[in-house]
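Going by our numbering, the residue at position 47 of the sequence shown is 47; the numbering climbs one at a time, nothing skipped.
The beta-carbon is built from N, C-alpha and C at its ideal position, and this holds for glycine as well.
Input: a single structure, listed below in structure tokens.
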Amino acid sequence: MHAICTAALAVARESIAMLDETLATLPNASLDWTPMSGVSSIAVLTVHCIVSAEWFAMAATASPRDRAEYRANERAEAFRTQGQTVEQLRARLADLAPRLEWILADANDATLDAPLPWAEDSGRHRTGAEAVVAGVAHLREHVGQAQLMRDLWLSASREGR
Numbered sequence: 001m002h003a004i005c006t007a008a009l010a011v012a013r014e015s016i017a018m019l020d021e022t023l024a025t026l027p028n029a030s031l032d033w034t035p036m037s038g039v040s041s042i043a044v045l046t047v048h049c050i051v052s053a054e055w056f057a058m059a060a061t062a063s064p065r066d067r068a069e070y071r072a073n074e075r076a077e078a079f080r081t082q083g084q085t086v087e088q089l090r091a092r093l094a095d096l097a098p099r100l101e102w103i104l105a106d107a108n109d110a111t112l113d114a115p116l117p118w119a120e121d122s123g124r125h126r127t128g129a130e131a132v133v134a135g136v137a138h139l140r141e142h143v144g145q146a147q148l149m150r151d152l153w154l155s156a157s158r159e160g161r
């Protein structure tokens, strides 16, 4: 495996463990809770972490998935997540590191150096290597968000809200 992919996979594994630990401390009732409208729940954040990490990893390979298709399908579906249990989310999360390892095994110098077929909102084309780095950064960002949502839920549940 390419060195950047090995490094990204290590950070992804740490992030996955952090998110799993967060989920393990919560009851099912907390998963769909939000402190206000327009905020993503822990369940939404977890599923989004999973699908976005896979999508970013695929971008570093010879067969990147179309960005518009991803946004319209997997990403949109992740943001509609409701009714999952802690066990279901943890099981899906447990599959993520092996999936990322399998996906990233296909990355090589050519795919990591190549610009992606779609432009970012800024008009710039990321390389496959940038997608790998952005993917683990995105994952860690949402893990932190899930941890904050856990803390907010714990505070609100103690206060009876």
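Identified DSSP bridge partners for P115 | T127
Selected residue, minimal CA-CA separation from A110, among A97, A60 and A119 = A60
Determine the contact status of T127 and P117, defining contact as a CB-CB distance below 9 Å.
-> no
To the nearest angstrom, how far is it from the Cα of H235 to the Cα of S37?
-> Within the shown structure, residues of the chain are numbered from 1 to 161, placing residue 235 beyond reach of any answer.
How would you label V39, buried or exposed, when you count the other beta carbons within 10 angstroms and need 16 or more for buried?
-> exposed
8 Å Cβ shell around R120 - same chain, five flanking residues per side excluded | Checking the sequence shown, residue 120 turns out to be Glu, not Arg. Closer than 8 Å at Cβ, skipping near neighbours: R126.
Taking one C-beta from the segment 26-36 and one from the segment 79-95 each time, how about it: are there three or more such pairs within less than 8 Å?
-> yes
Coil, strand or helix - P98 by DSSP = helix
What's the call for A78, buried or exposed, on a 16-neighbour Cβ count within 10 Å?
-> buried
On the three-state DSSP scale, how would you describe N108?
-> coil
Rounded separation between E74 and V51 - CA only | 7 Å
Among R90, A3, A8 and A107, nearest to E21 - alpha-carbon criterion = R90
Can you say whether A53 is buried or exposed, counting buried as having 16 or more other CB atoms within 10 angstroms of its CB?
-> buried
State buried or exposed for L26, treating a residue as buried only when at least 16 other CB atoms are found within 10 Å of its CB.
-> buried
Compare the Cα-Cα distances from H142 to each of V47, L9 and A10 and report the closest residue.
-> V47
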